[in-house]
Each structure stands twice: as structure tokens, then as C-alpha cells.
Amino acid sequence: MSLRPHLLTWGALPLMACLTLACGGSSSPATSAPAPPSVTGVPVAVTIQRTNTGLRLENGFVGFSYEKSKLNSPLFDGANAGLVTLFKRLGPGVLRVGGNSVDKTTWDPTGPGLTPGKVASADVDRLAGFLKAANWQVIYAMNYATNTPAQMADEAAYAAKAFGTHLFGFEIGNEVDLYHSNGLRATTFTYADFLTEWRAYAAAIQAKVPGAVLTGPASAYNTAGFTVPFAKDEATGISLLTQHYYRANGQLATSTIDLLLTPDPALPTTLQALQKASATLPRGFRLAEANSFYNGGAPNVSDAFGTALWAIDFLFTNALNGSAGVNFHGGGNGTGYTPIADDGTHVVEARPEYYGLFIVSQAGPGALLPATVAANGLAVSAYAVAADSGSTNLVIVNKDRTQAASVTASLGASASTASLTTLSGPSLDSPTGILLNGAPIGADGSWAPASTSSQPVTGTTLKLLVAPASAVLVSLR
């Protein structure tokens, strides 16, 4: 966690069934779902261009980030069926274990496990069982602040053996660009000091785990001063460049849903700088920790339905600017951010953000296509993916609180069918009542929509109505 300062759903309309896993219930035959003639919307034109952008939405793009202290609880266990199922619905993906607690966690290989402030072999083994059950990989972070190279290398060696092919890479420390201000190093601590220490840790890991994949620098915000120079200085030492992102400070009254849903003008510039800096790296760059507002989120804002729509926009903005993926930070059951709420042992619920991540995960994998929007003043965005499955997947997000969008989409190619997956909620500010195809996703990962829904397609044109404060995934064939 960062602490830096600074289509319309008509009642119980049946909609599209589960795309990747058994839904936990049967589906009835598809039905056509024209909008009631009494309902109109603001005209919105969407145009898909059949152009090769060279960009892709890959498996693993959607990920999670958790504090390393979560290994001190039995949450990440292969026997935790609910959490495993919720991960598998998005996967295969990448879990990052790190956060502020990583620099307060020591390696205790012979310890009993489940001990605050320590990680034992048993804790690593339990995480390994979870990764295997969910078919995810892990970016595994280790203590930079109070560690020794030898201890870090020992932990890395054990983790590498335990995780096997489920190890994505190692991360050394967390938000090192804040060390000079958070008491972990002297106020005079510089990037040069960081690089010297990081290299000592990296050398020890590589000596004990030959060929180990390293990532970094896990900066909080300092793109120009830490992340970009690190990519140059460690061009042959790391495989993945990482940085963190939050929209603003969750403790401020100005950190609202409306702010979150307003595009951050600085984000594309930052992503483009990261893309350029990581151009020669095998795995490019990734926002390895991100969410709505830092300091744990804005209470009763970061857990509201609007975050689901923000997450869709945020993820596609990343993908369209060359990112290899995003890890949404979470954990716990507070009123701040977390895609999946838990009590330390079991899942409590899938929060609104999770639904947004699900929509994006269903849009790929595939090649990203340019999609332009003439929104007529409405807060509407659209994204298109030429999926590897052969479909064209169009995602439309309407962030307007009161006005529906009457969308005319020019597809750039003929289609004969359009299957719909709709995401809806009572309002942008509601933390509950979130529905995907008219049904919620359960804490056990179950999802039982009543049926599928389709929309007529006329040649290369699709028309549909997208409700206020909702999103729809259209699968075209």
C-alpha cells in the first residue's frame, strides 16, 4: 500500500452467461433484448478501426497485489475454494505479494508460520499451494530495509523451489523512492544509494538462484528520478519494470467518485514514459501496485460501484499505452479499496472493482483495436479487442449518472450475432447491489445469471442502449 504524501438493464432482463467457467447454474436459451421504445438516450457514435496497433490484451494482464503480511494468515491456501474460484475467473494471472509490510517482514525458515512480522517455509508452501490451485504466478517481494543479502538469497532460493513455474519474479523492497521520507533510510538517501544496495541484493539472489527473474524498482511515484533511470541502469539485470499508481490521497474530501471517473491527464504521459524506458526489457513494464486512492482508499468511495467503471477505463488506458498489466492492491474488509474483501481467512464478498476486472479479463486475450467515440457530451468510453477466440469484443462504459447512451457502433467488419454481458448497480455511489447479467458474484465465486441476451446486428452496424452508470461487453461474431 502506498502512503505517499502528495446497454441498458431492464429490471430482470436475462443476459449473457458465464464465459470462462461453469457459472454455478444453468442457462436458458438466448433471447433478443431490444430496448423499450419509451426509453431514449443521447446519441453516441463508436467506430472500430481494423488496424494493427501492435498492442495486445494478454492473459495475466489483470492481477492483484497484497501485503506480504497476508502470508501471516491462512487466506492464501489451496483449500480456500472461494478465493481460488474468484482468482480463476480472471486468470491465469499474476499475484504480487509485497506492499509496505514487506520491509517489516523477516525470513524465518524454521519458524511455525502464521507469525506476524515473519515468513516461514510453511507460509511459502501454503502460498505455493494456492498458486497451483488458482493457476496464477507470483511476483514475490522481499525485505530491502532491514535485510542482509545472504538472508534474502536464502528466502529467494526456498521460494523459487516452492513456487516452481508459478514464480513470475522477485521484487526487492517496496516504494524505495519514499525511503528518505518514511524513516527507512536517512533523509539524504538518493537514487544512487538505492542502486548500490539493490545491486548487492540482486547479486546475492542470482548467485543462489541462477537465472532468477528480477523486477523493480517498485517506485511509488518518482518516474523520472527512480523508475526511468533504473530501467537504463539495470537493462540487463531486470526483466520487468514496475511502478505504482493511485489517483490521489484517500484522506482528502476531494477524493470522490466523480474525481476518479474523470480521466487523469497525467496517466498516459507516465505510461508512455514507462513504455519507452522498458522497450528492451523482456516483459516490458507493469503497474505492480495500483488502486483508486492511496492511504487505503477513500472510505465509502473506493468500495462503491463507480470504481468498477473506473477500473475498466484504467485497465484499458494501461493496455493502450503499452503496459503488460496492472496489479490491484487489496485485502481486508474495510470501507476503502479491495477488489475482494476478506476476514483474514475467508472471502467476505466480491467488491465492485472485481466486476470491472472481470469484464476486462473477458475481453481478451487478443489484439487491441482503435475505437473512437463521438460522445455528444456524455461520459462514454469504448474499447475493442480482436480476440484470439475469433470474436470481436467491444466494451462500452457509460459513466453518466442520469442519461442513457443510444450507441451506434460501426464495426469495421460484418457480424451476425452480438452477445451481451452487462454490468450494473443501483448508483455510482452504491457499495452493494452490483449485478453482472442480472446476478451477483458470490463470495464462493459462484455466478448464476438467468440466461443470455443478444442484440441484432445489421451488416457492420450495431445499435444498442447503454444505461446510465453501467457498462456492457459485446461479443461479436
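Taken in order, the sequence shown gives residues 1 to 477; the numbers are from the numbering used here.
Even glycine gets a Cβ: it sits at the ideal position worked out from N, Cα and C.
* **Reference A212; option with closest CA among A224, L167, A162** => Ranking A224, L167, A162 by Cα distance to A212 puts L167 first.
* So what does Q137 bridge to, in DSSP terms? -> Its beta-bridge partners are V94.
* Which one of G356, A469, L464, P468 has the shortest CA to CA distance from A483? -> Since the displayed the chain opens at 1 and closes at 477, residue 483 lies outside it and no answer follows.
* According to the Cβ coordinates, are I359 and V395 closer than 8 Å? -> Closer than 8 Å, so yes.
* To do: Measuring alpha carbon to alpha carbon, tell me which of Y221, I205, P210 ends up nearest T148.
  => Nearest option by C-alpha distance: I205.
* Asked: Is K399 helix, strand or coil by DSSP?
  -> Three-state DSSP puts K399 in coil, outside helix and strand.
* To do: Rank K118, N135, K132 by C-alpha distance to the C-alpha of M142 and give the top, closest one.
  => When only C-alpha atoms are compared, the closest one is K118.
* Touch check for the segment 59–66 and the segment 405–415: three-plus C-beta pairs under 8 Å? -> The answer is no - the segment 405–415 does not touch the segment 59–66, with fewer than three Cβ pairs under 8 Å.
* Per DSSP, F170 is paired with what? -> Listed as beta-bridge partners of F170 by DSSP are Y140, L214.
* **Helix, strand or coil at R185 [DSSP, three-state]** => Residue state, collapsed to three classes: coil.
* To do: Note down the Cα distance separating N478 from A367, rounded to an integer number of angstroms.
  => Past the edges of the chain, shown from 1 to 477, lies residue 478, and the structure says nothing about it.
* To do: Report the partner residues of G237 according to the DSSP bridge assignment.
  => None; G237 has no bridge partner.
* To do: Determine the direct distance from the alpha carbon of E353 to that of L344, and round the result to whole angstroms.
  => At residue 344 the sequence reads Gly, which differs from the Leu that was named. Their backbone Cα atoms lie some 19 Å apart in a straight line.
* By Cβ distance below 6 Å, which residues in the same chain neighbour S26 in space, the five residues on each side in sequence not counted? -> Residue placement at S26 cannot be trusted, given a pLDDT of 30 that sits under 50; what the coordinates show is reported in the next sentence. The beta carbon of S26 lies closer than 6 Å to none in the same chain, with the five residues before and after it left out.
* Asked: DSSP three-state call for Q243: helix, strand or coil?
  -> Note: Q243 maps to strand in three-state DSSP.
* Tell whether a beta-carbon distance below 8 Å holds between T271 and A231. => Checking the sequence shown, residue 271 turns out to be Leu, not Thr. No; because the gap between Cβ atoms is not below 8 Å, this pair is not in contact.
* At what residues does the alpha helix (DSSP H) containing K161 begin and finish? -> In the DSSP assignment, K161 falls within the unbroken alpha helix (DSSP H) covering 149–163.
* To do: Compute the Euclidean distance between the alpha carbons of Q243 and P456, then round it to the nearest angstrom.
  => Cα to Cα, the separation comes out at about 43 Å.
* Asked: What does a CB cutoff of less than 7 Å around G24 pick up in its chain, not counting 5 residues either side in sequence?
  -> Only weak support exists for where G24 lies, its pLDDT of 33 falling under 50; the value from the coordinates is given anyway. Sequence-distant Cβ neighbours of G24 in its own chain, meaning closer than 7 Å and more than five residues away, are S446, W447, A448.
* From P34 to Q362, what does the alpha carbon distance come to, in whole angstroms? -> With a pLDDT of only 41 at P34, under the threshold of 50, the placement of this residue in the model should not be trusted, and no figure is reported.
* **Closest Cα partner of L240 within the set N249, S416, V228** => It is V228 whose Cα lies nearest to the Cα of L240.
* Would you say P92 and N52 are within 8 Å of each other, going by their C-beta atoms? -> The Cβ-Cβ distance between P92 and N52 does not fall below 8 Å.
* **Extent of the continuous alpha helix (DSSP H) run through N115** => What sits at residue 115 in the sequence shown is Thr, not Asn. Here T115 belongs to no alpha helix (DSSP H), and DSSP marks it neither H nor E.
* For K399, which residues of its own chain have a beta-carbon under 6 Å away from its beta-carbon, when the five flanking residues on both sides are left out? -> So the qualifying residues of the chain are L261, L309, A379.
* Taking the C-alpha atoms as reference points, what is the distance between G364 and P43? -> Using only the alpha carbons, I get a separation of about 28 Å.
* Under 8 Å, do D375 and T392 count as touching if we go by C-beta distance? -> The sequence shown places Ala at residue 375, not Asp. Judged by their CB atoms, A375 and T392 are not nearer to each other than the 8 Å cut-off.
* Could you round the C-beta distance between V94 and I139 to whole angstroms and report it? I think they count as a contact, below 8 Å. => Indeed they touch by this definition, with Cβ atoms about 6 Å apart.
* To do: Can you give me the Cβ contacts of P74 inside the same chain, cut-off strictly under 6 Å, excluding the 5 residues immediately before and after it?
  => So the qualifying residues of the chain are T345.
* To do: Apply the 10 Å Cβ neighbour rule to T338 and answer buried if 16 or more other Cβ atoms are within range, or exposed otherwise.
  => Counting Cβ neighbours within 10 Å, T338 comes out buried, since at least 16 surround it.
* Residue span of the beta strand (DSSP E) that contains R286, given as start and end -> Counting along the chain, the beta strand (DSSP E) containing R286 begins and ends at 285–294.
* Asked: Does the beta-carbon of P112 have 16 or more other beta-carbons within 10 angstroms, so that it is buried, or is it exposed?
  -> Under this definition P112 is an exposed residue.
* Asked: So what does DSSP say about S424, is it helix, strand or coil?
  -> S424 falls in the strand class under three-state DSSP.
* Which residue from L428, R477, G356, P440 puts its Cα closest to that of L411? -> If we check each option's Cα against that of L411, R477 comes out closest.
* Please specify which runs of the alpha helix (DSSP H), each continuous and at least 4 residues long, are wholly inside the segment 325–364, giving them in chain order. => Correct list: 352–363.
* N- and C-terminal bounds of the beta strand (DSSP E) containing A266 -> Neither: A266 is in no beta strand (DSSP E) and is coded neither H nor E.
* **Beta-carbon gap between F285 and N249 smaller than 8 Å** => For F285 and N249, no; Cβs fall outside 8 Å.
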